[in-house]
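Read through the structure below, which is laid out as C-alpha cells, and then see the notes.
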Amino acid sequence: MSNYHDLLLFAVLPYLSVFVLLIVSIQRYRAQTFSFSSLSSQFLENKMHFWALVPFHYGILTVIAGHFVAFCVPRSILAWNSVPVRLYILEVSALIAGLLTLLGLIHMIARRATVSKIRTVTSKVDWVLFALLVVQIVTGILVAVLYPWGSSWYAATMTPYLWSLLQFNPDITYVSALPLMVKLHIVNAFIVVGLFPFTRLVHILVVPNPYLWRRTQVVRWYGEARRAG
Amino acid sequence: MELWLSMKKNQVDIPAFKRDYITMLNEDSKRRNPGIKRILPQALLWIAAAALVITLCPRIAAAQETAAFFKQNCASCHTIGGGRLTGPDLKDVTKRQDRAWLRDFIMNPQAKINAGDPYAVKLHEEARGVLMPSIPGMTAEKADFLLDLVEAESALPESQFKGLQISNEPFTPEDIQRGIALFTGHQRLKNGGPACISCHTIPGLGGLGGGQLGPDLTRVYERLQGRTARQCMALSPRHADHAVHSCAMPPLDPAEIHALVALFEDTAKNGRILPNVAVLNFSLLGLGGAVLVLVLFDLIWRARFRSVRRNLVQDNQLRGLP
Numbered sequence: 432m433s434n435y436h437d438l439l440l441f442a443v444l445p446y447l448s449v450f451v452l453l454i455v456s457i458q459r460y461r462a463q464t465f466s467f468s469s470l471s472s473q474f475l476e477n478k479m480h481f482w483a484l485v486p487f488h489y490g491i492l493t494v495i496a497g498h499f500v501a502f503c504v505p506r507s508i509l510a511w512n513s514v515p516v517r518l519y520i521l522e523v524s525a526l527i528a529g530l531l532t533l534l535g536l537i538h539m540i541a542r543r544a545t546v547s548k549i550r551t552v553t554s555k556v557d558w559v560l561f562a563l564l565v566v567q568i569v570t571g572i573l574v575a576v577l578y579p580w581g582s583s584w585y586a587a588t589m590t591p592y593l594w595s596l597l598q599f600n601p602d603i604t605y606v607s608a609l610p611l612m613v614k615l616h617i618v619n620a621f622i623v624v625g626l627f628p629f630t631r632l633v634h635i636l637v638v639p640n641p642y643l644w645r646r647t648q649v650v651r652w653y654g655e656a657r658r659a660g
Numbered sequence: 082m083e084l085w086l087s088m089k090k091n092q093v094d095i096p097a098f099k100r101d102y103i104t105m106l107n108e109d110s111k112r113r114n115p116g117i118k119r120i121l122p123q124a125l126l127w128i129a130a131a132a133l134v135i136t137l138c139p140r141i142a143a144a145q146e147t148a149a150f151f152k153q154n155c156a157s158c159h160t161i162g163g164g165r166l167t168g169p170d171l172k173d174v175t176k177r178q179d180r181a182w183l184r185d186f187i188m189n190p191q192a193k194i195n196a197g198d199p200y201a202v203k204l205h206e207e208a209r210g211v212l213m214p215s216i217p218g219m220t221a222e223k224a225d226f227l228l229d230l231v232e233a234e235s236a237l238p239e240s241q242f243k244g245l246q247i248s249n250e251p252f253t254p255e256d257i258q259r260g261i262a263l264f265t266g267h268q269r270l271k272n273g274g275p276a277c278i279s280c281h282t283i284p285g286l287g288g289l290g291g292g293q294l295g296p297d298l299t300r301v302y303e304r305l306q307g308r309t310a311r312q313c314m315a316l317s318p319r320h321a322d323h324a325v326h327s328c329a330m331p332p333l334d335p336a337e338i339h340a341l342v343a344l345f346e347d348t349a350k351n352g353r354i355l356p357n358v359a360v361l362n363f364s365l366l367g368l369g370g371a372v373l374v375l376v377l378f379d380l381i382w383r384a385r386f387r388s389v390r391r392n393l394v395q396d397n398q399l400r401g402l403p
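Here the protein sequences line up with chains W and Z, keeping their order. One rule links them: number in this note's numbering = place in the first sequence (from 1) + 431. One rule links them: number in this note's numbering = place in the second sequence (from 1) + 81.
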C-alpha cells in the first residue's frame, strides 16, 4: 500500500468516521428518537436467538473491553504478559471470546437468512452490517492466530497510534508497516464506526445500563378486574 | 450628554439632535481610528518582528527537528564516526560524494539502484542487499537539512551520532540467562518496549512459544554474521528491518543488546528450528475453550423460555394423551 493510501486510511478515515458517527447519531436521535433500538426479534424466533445473541454479546463485549484496556493501560498489560504463562492465558481467553463472537454471528446470519419471519424484518443495511462484522471478526481471529502475541505488540503499535489520533496529530508510521491482515482489521473497524449511526448498532448508545443496579420492579395490572389474577 | 440636553422633555429639537449625534459619531470614530500616521511606525515594528520570527523560527526549529529526524529515521543504520552499521558511516560523506547525488539518493534510494548507478549499486552490495527504505515525507529541503547536519557533525571531534558502544566482553552463562529473561519479558526492557517474545520466537521457550509478527530469531546470529558491533546494533528495534516490516519501538539499552546477543549466539549453537505446532495448539485451546463456554451458557440458562406449544405437546405425550 502506498503512503498516500495509508494516509487516507489511517489519518483521514478515522476522523471522517468519528465525525459521521457523532453528527448522524445526534441527528437521528433528534429526528427519529424511537429508531434508537436493536429492534428485537426475539418474539418472532426464540430458539436460535439464544445461540446467536448470548455468545455474540459475551464475546464481543469481552473483546472490545480487551482492546480498550490495552489502549488505556498498555504498561499494565505488558507487566501482566511478562510471565509467558500469563501471556498465554490472556491470549487464549481473548481467542475464546473471538470465537464465541464469530459463532454467535454465524448463528445470527443463519437465523436471519433461514427463518422467514425474521427475514421479513431484516433490512438491507442489516446485511451490510453483517458483512462488515464478519470481516472484522474473521480478520481479528486470523490476526490472533497468525500474528501472536497481539496483546503485547498492541502496546507498541496500536496504543501510540490511537493516542496520536486522539491528540489530533496522527502518526501513521506505527501502523503503515503492519501486515495487511492487521491493516484490514483496523480499516474495517473505522468503516464500522462510520456506518454505526445508520445501523441497528445505535442500540449500544441506549443500553439500559441502570437495569444492572436498579431495584426490581413488580409490574401488575391496575384495576379491580385483574386483582384476582 | 449633549445629546441628552438637546432632547427636551416631550419636545425633541430634531436638527439639533442630528447635529449632536453626528458630532458624537465623528469624535468616536477619531478615538477609534487614530489616523494612519500615528499607527504606521508601530505597525511596521510589529510586521518586522513577525517577519523575523517567521524567518528565524523554522530555521531554528529545522536544526533541532533535523537532529531528531536523524535520530529517529537514520541512526538505526548509520553512525557519524562510529563505524559501519547496516548502512555506511556517514562521517564526511559530503566529501566522498557529490551533494546533489546524495540528495537524490536520500529521496529515492531504490530509483538510483534500479537505474544501475554504479555507486548506488556498490552501496547496496556493501549492505548485503538490505535496501535503504524511502523515508515517508522526505523532500529535497529535508534532505539538504540532513546533509547540513551530517557535515556539521562530521566536523566535530565526537558526534552525538557515533552510535552505541557495546561491550566486547566474552559472553558468560549469566549473560545468556539475562538474555532469556529479557526475551521472555521476565526482566522488563529498560526503555519500556514490549519483550521480544511479543513478536519473535526462538526454540526452547516452551508453552505456546513466541510471537509470529516478526521473524523467527533462531538463526539470527548466523544471518547477521556473528557478533560484531553491526550485528549488535541490528538487534536494536530501530533496525531497518523493524522500520520496514514492523513498528517504532523504544530502543534497546547496550547492556540489553549484549545479553540478547549472548542468547542468540547460544541459540545458534544449540538450537534447531522445530516444526511450529504452537499455532495449532493455540487454535485448539481456543476452540476447546469456546466449546466449554457454550456448554456453560447452556447450563446457566437451562431454565430459559424455549416455547409454549412444544411443552404442552410433550406434557400430553407423557400423559398418554393424543
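Cβ atoms here follow ideal geometry from the backbone N, Cα and C, with glycine treated the same way.
> Between A483(W) and the rest of its own chain, which residues show a CB-CB distance below 7 Å, the 5 nearest in sequence each way excluded?
Replying inline: G535, H538, M539, R542
>> Between S388(Z) and chain W, is the shortest Cβ-Cβ distance under 8 Å, so that the two count as touching?
In response: yes
> What are the residues of the stretch 601 to 625 of chain W that lie near chain Z, defined by any Cβ-Cβ distance shorter than 9 Å?
Replying inline: D602, I603, T604, Y605, V606, S607, A608, L609, P610, V613
>> Just to make sure I have the definition right: I need the residues of chain W whose C-beta is within less than 8 Å of the C-beta of Q293(Z). Which are they?
In response: L577, Y578, P579
> Going by C-alpha distance, which of Q191(Z), D225(Z), I216(Z), N195(Z) is nearest A181(Z)?
Replying inline: D225(Z)
>> Am I right that L632(W) and F467(W) are in contact with their C-beta atoms under 8 Å? What's the rounded C-beta distance?
In response: Actually they are not in contact, since the Cβ atoms of L632(W) and F467(W) sit about 10 Å apart, beyond 8 Å.
> When burial is assigned at 16 or more other CB atoms within 10 Å of the CB, is N351(Z) buried or exposed?
Replying inline: exposed
>> With a threshold of 8 Å between beta-carbons, can W644(W) be considered close to chain Z, or not?
In response: no
>> My parser needs the alpha helix (DSSP H) runs of 4 or more residues fully inside the stretch 555 to 636 of chain W; what are they?
In response: 555 to 577, 581 to 587, 589 to 597, 604 to 607, 611 to 626
> Of the choices L361(Z), Q395(Z), T160(Z), P331(Z), whose alpha-carbon is the least far from that of D239(Z)?
Replying inline: The sequence given here places Glu at residue 239(Z); Asp does not occur at that position. Checking every option, the nearest Cα to that of E239(Z) belongs to T160(Z).
>> As an exercise, report each continuous alpha helix (DSSP H) stretch of at least 4 residues that is fully enclosed by the stretch 193 to 264 of chain Z, in chain order.
In response: 199 to 207, 221 to 236
> What is the DSSP secondary structure of N477(W), reduced to helix, strand or coil?
Replying inline: coil
> Residues of chain Z with a CB under 9 Å from the CB of V514(W): which are they?
Replying inline: T265, G266, H267
> Between which two residues does the alpha helix (DSSP H) carrying H436(W) extend?
Replying inline: 434 to 438
> Under three-state DSSP, which class holds A510(W)?
Replying inline: helix
> Is T175(Z) helix, strand or coil when you go by DSSP?
Replying inline: helix
> Can you give the Cα-Cα distance for T220(Z) and M188(Z), rounded to whole angstroms?
Replying inline: 7 Å
> Would a check of beta-carbon distances place W594(W) closer than 8 Å to chain Z?
Replying inline: no
> Is DSSP giving C328(Z) helix, strand or coil here?
Replying inline: Interpretation of C328(Z) is limited by its pLDDT of 49, a score under 50 that renders its predicted location unreliable; no figure is taken from the coordinates.
> So, using beta-carbon positions, are T590(W) and P505(W) closer together than 8 Å?
Replying inline: yes
> Ordered along the chain, which non-local residues of its own chain (more than five positions away) have a Cβ less than 7 Å from that of P318(Z)?
Replying inline: Note that P318(Z) scores 46 on pLDDT, short of 50, meaning its location in the model is unreliable and no value can be drawn from it.
> Comparing alpha-carbon positions, which option in V523(W), V451(W), W511(W), V618(W) lies nearest V360(Z)?
Replying inline: V523(W)
>> Let me see if you follow: with CB-CB separation under 8 Å, is S157(Z) close to chain W or not?
In response: no
> For T175(Z), which residues from the same chain have a beta carbon less than 8 Å from its beta carbon, with the 5 sequence-adjacent residues on both sides left out?
Replying inline: L183, L228, V231, E232, S235
> Going along the stretch 197 to 230 of chain Z in order, which residues come within less than 9 Å of chain W, judged by CB to CB distance?
Replying inline: S215, P217, G218
> A276(Z) and S583(W) look like a contact to me (Cβ under 8 Å); what is the Cβ gap, rounded to whole Å?
Replying inline: 7 Å
> What do you get for D396(Z), buried or exposed, if any count of 16 or more other CB atoms within 10 angstroms of its CB means buried?
Replying inline: exposed
>> Helix, strand or coil, according to DSSP, for D185(Z) in the structure here?
In response: helix
> When the cut-off is 8 Å and only beta carbons count, does F481(W) lie next to chain Z?
Replying inline: yes
> What are the boundary residues of the alpha helix (DSSP H) that includes F345(Z)?
Replying inline: 335 to 351
> Going by beta carbon distance, what residues of the same chain come within less than 6 Å of G625(W), once the five residues before and after it are set aside?
Replying inline: S448, V451
> Residues of chain W with a CB under 9 Å from the CB of G288(Z): which are they?
Replying inline: P515, V516, L518, Y519
> I think D437(W) touches S607(W), with their Cβ atoms under 8 Å apart; what is that distance to the nearest whole Å?
Replying inline: 5 Å
> Between the Cα of Y592(W) and the Cα atoms of N434(W), P445(W), Y435(W), which residue gives the shortest distance?
Replying inline: P445(W)
> Start and end of the alpha helix (DSSP H) containing I537(W)?
Replying inline: 515 to 545
> Secondary structure at Y653(W), three-state DSSP: helix, strand or coil?
Replying inline: coil
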